[in-house]
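This report concerns only the one structure given below.
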Amino acid sequence: MRTKATRLQKLLLYPYGLWAILFIVVPLAFIAYYAFTDNSFAFTTENITRFFTATSSVTAEDGSVSEVHTYLLIFARSLKLAVVSTVICLLLGYPVAYIISRCNARLQSSLITIIMIPMWMNFLIRTYAWMTILQDTGILNSALTALGLSPLHIIGTESAVVIGMVYDYLPYMILPIYSVMAKLDVKLIEAARDLGCNGFSTLRRVIWPLSLPGVLSGVTMVLIPSVSTFYISQKLGSGKFFLIGDAIEGQYVANNLHFAAAIAFVMMIALLTAMALLRALADRKVSGRS
Amino acid sequence: MKTASKIYMTLAFIFLFAPIVIMLIFSFNEAKSLSVFSGFSLKWYQELMRDRETLKSVKNTLVLAASASLISTVMGTAAAVGMMKLRRRRVRKAIDTVTNIPMVNPDIITGISLMLMFVFVGRLFGSASSLSFGTMLIAHITFCLPYVILQVIPKLEQMDPSLSEAARDLGCTPVRAFFLVELPEILPGILTGAIMAFTLSLDDFVISYFTAGNGFQTLPIRIYGMTKKTVTPKMYALATLIFFAILLLLLLSNLAERKGEKE
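Quick note, the sequences are listed as chains A and B, same order.
Numbered per my numbering, the first sequence finishes at 555, counting up by one with no gaps.
Numbered per my numbering, the second sequence finishes at 380, counting up by one with no gaps.
Set out below in structure tokens:
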């Protein structure tokens, strides 16, 4: 009777198991398959080679022309902007998470709801709204001129893309850090204070190491969407800053599916490696302290 | 809160809400401009109501989100119940890893990978455009499933296993025991999972973009199309309506939660 019930329960896993293989695992294999084949599905490494070797000439601001590796440059730029955005999100978000976690329970849940409201707003519209704020004739510059300050040229620069990324993904940094901090034992902080820690050293020696798991998932949740975005760079970068997501989307629109797959393949491998490294680093830090 | 904290939080909230407030204000702008306010008017709301294509995309989005969340909730709950009975660690670990993939992978990878498979299979059957409502539904179910499973598993782990054993000792069939004893216990997790699936599906742009057919347009895809051309305050009117719909939903679910706590 018991074993029959257990067997029955295990049967419930089959539809999902089948679904996961068909629509999670197999599609990933298709990325590799397309990346290593040409239009007639014959094996080739040309797509991957093209990613690493394709060059194009770039005219710098002083008029000098130089040859660059097109996709390596795009990849490096994506990585740079994503890392900068992630660091800014961490610097801005960590204090927010900390302050919220020290409030009383009622206030905590209200504040978290308020943080989450912008996430519910369509991401495309939010990004577009920033475009109207940052434009040369936009709201920010009208305000600056009204205050007698000189207007700023932000739209179409890397800073605009970073602002967009920080805005769109900041809640993803705050929420996981908050959820770890909210569970933190207050007695630990009190003990540190009693033993003579001032505010800063309590933060550095007690709160920060304990909040590392939250920081790690926050970093992951900001880094991954910002490294792979294609809408923010199109709108706020005025299409001047091609990111790796733009490259994939561009090849998709041009119906170069095999090369799109190759770019996606390289990005996936790079992200998996980065995440494994990050995890190893955090594991060492956590276990090294305890 | 200390004064410094209060100031910091205020600044953070100003940053988070500035674009939303600007959207609210400019949706009532009389002129076409999105940065110079010239007078109050409701004309963009009227224009929105006359925009058949946008209204149709709203309907499409709701149909897709309802179907995707229903199917992923049923399949995900069943999977979670089944996963609890797995004895072999390695099998459990393998399933956990696969379940994590759609959450960890960038959306663009999930979208591209499904698209490549759909196109390939479509070509095998000789059809030129294999992307449709069906492919989009499959994609949405796929990225919703992990979230449902992750909401249900902890509830199952918290549950006392002797409860359903007792029900079966008292003569319940396993199926009856599940519906009478286990299901009510894990229902909050199932509902949270279903709501998450619904909102994720409503909001998804990237995966839909790659798996959508020509005939089926969801709201995010429609908005993407709108922002490719010059945007009028009509889009802000749309955003404002969405914003208040969400606010209403949040308030209602909060009220329901409080009522549930009192009982």
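Don't be surprised by glycine CBs; every beta carbon is placed ideally from N, CA and C.
DSSP links A/Glu332 through a beta bridge to A/Ser322. A Cβ-Cβ distance of about 7 angstroms is found for the pair B/Met200 and B/Arg209, placing them in contact under the 8 angstroms criterion. The Cβ neighbour count for A/Pro383, taken over all protein chains shown within 10 Å, is at least 16; the residue is labelled buried. The beta carbon of A/Pro441 sits no closer than 8 angstroms to any beta carbon of chain B. B/Asn146 and A/Leu536 have their C-alpha atoms some 44 angstroms from each other. DSSP places B/Thr316 in the helix class (H, G or I) of the three-state scheme. For the pair of segments examined, the region 299 to 313 of chain B was found to touch the region 261 to 275 of chain B: the number of CB pairs separated by less than 8 angstroms reaches three.
Chain A has a Cβ within less than 8 angstroms of the Cβ of B/Ser152. In this structure, A/Leu508 and A/Ser498 form a Cβ contact; the two beta carbons are roughly 5 angstroms apart against a cut-off of 8 angstroms. In this structure, B/Leu241 is the residue among B/Leu241, B/Asp277 and B/Arg339 with its C-alpha nearest to the C-alpha of A/Phe306.
Less than 8 angstroms separates the beta-carbon of A/Ile365 from that of A/Tyr443. Contact with chain A is found for B/Ile139, since one of that chain's Cβ atoms lies less than 8 angstroms from the residue's Cβ. At least one beta carbon of chain B lies nearer than 8 angstroms to the beta carbon of A/Pro383.
Counting along the chain, A/Asn406 sits inside the alpha helix (DSSP H) bounded by residues Ile404 to Ala411. About 6 angstroms separates the Cβ atoms of B/Phe333 and B/Met253, confirming a contact at the 8 angstroms cut-off.
Within 7 angstroms of the CB of A/Asn312, no CB atom of chain B is found; the nearest one sits about 13 angstroms away. Your pair A/Ser322 and A/Ser331 checks out as a contact, with CB atoms roughly 7 angstroms apart and the cut at 8 angstroms. Under the Cβ criterion of 8 angstroms, A/Ser407 is counted among the residues facing chain B. Using beta-carbon distances, B/Phe322 counts as an interface residue toward chain A, with a partner under 8 angstroms. DSSP, reduced to helix, strand and coil, places B/Asn177 within a helical segment of the structure shown. In terms of Cα proximity to B/Ala197, the closest of B/Glu299, B/Met352 and B/Ile124 is B/Glu299. A distance below 8 angstroms separates the beta carbons of B/Cys261 and B/Ser186. When rounded, the separation of the alpha-carbon atoms in B/Ser189 and B/Asn217 is 15 angstroms. The beta carbon of A/Ile439 sits closer than 7 angstroms to those of Gly358, Val361, Ala362 and Ile380, all from its chain and outside the five residues before and after it, given in chain order. Legend: CB atoms of the region 392 to 416 of chain A lying less than 8 angstroms from CB atoms of chain B belong to residues Tyr393, Ala394, Trp395, Thr397, Ile398, Gln400, Thr402, Gly403, Ile404 and Ser407. By the rule that beta-carbons nearer than 8 angstroms mark a contact, B/Thr309 does not touch chain A. A distance below 7 angstroms between beta-carbons, with the five flanking residues on each side excluded, links A/Ala547 to the following residues of its chain, in chain order: Leu477 and Leu481.
Along the region 232 to 251 of chain B, the positions whose C-beta sits under 8 angstroms from a C-beta of chain A are Met232, Leu233, Met234, Val236 and Phe237, read in chain order. When C-beta atoms of the region 287 to 298 of chain B are compared with those of the region 353 to 362 of chain B, fewer than three pairs fall below 8 angstroms, so the two segments do not count as touching. Shown in chain order are the members of the region 496 to 510 of chain A whose Cβ falls below 8 angstroms from a Cβ of chain B: Tyr496, Lys500 and Gly510. At the C-beta level, A/Val484 and A/Thr351 come within 8 angstroms of one another. In the structure shown, the three-state DSSP call for B/Asn146 is strand. Using a Cβ-Cβ cut-off of 8 angstroms, B/Ala284 is close to nothing in chain A; its nearest Cβ partner there is about 11 angstroms away. In the displayed model, A/Phe506 falls within coil according to three-state DSSP, outside both helix and strand.
In this structure B/Asp213 does not touch A/Asn387 by the C-beta definition: roughly 31 angstroms separates them, more than the 8 angstroms allowed.
Inter-residue distance for A/Phe295 and A/Ala519 is about 19 angstroms (C-alpha atoms, whole angstroms).
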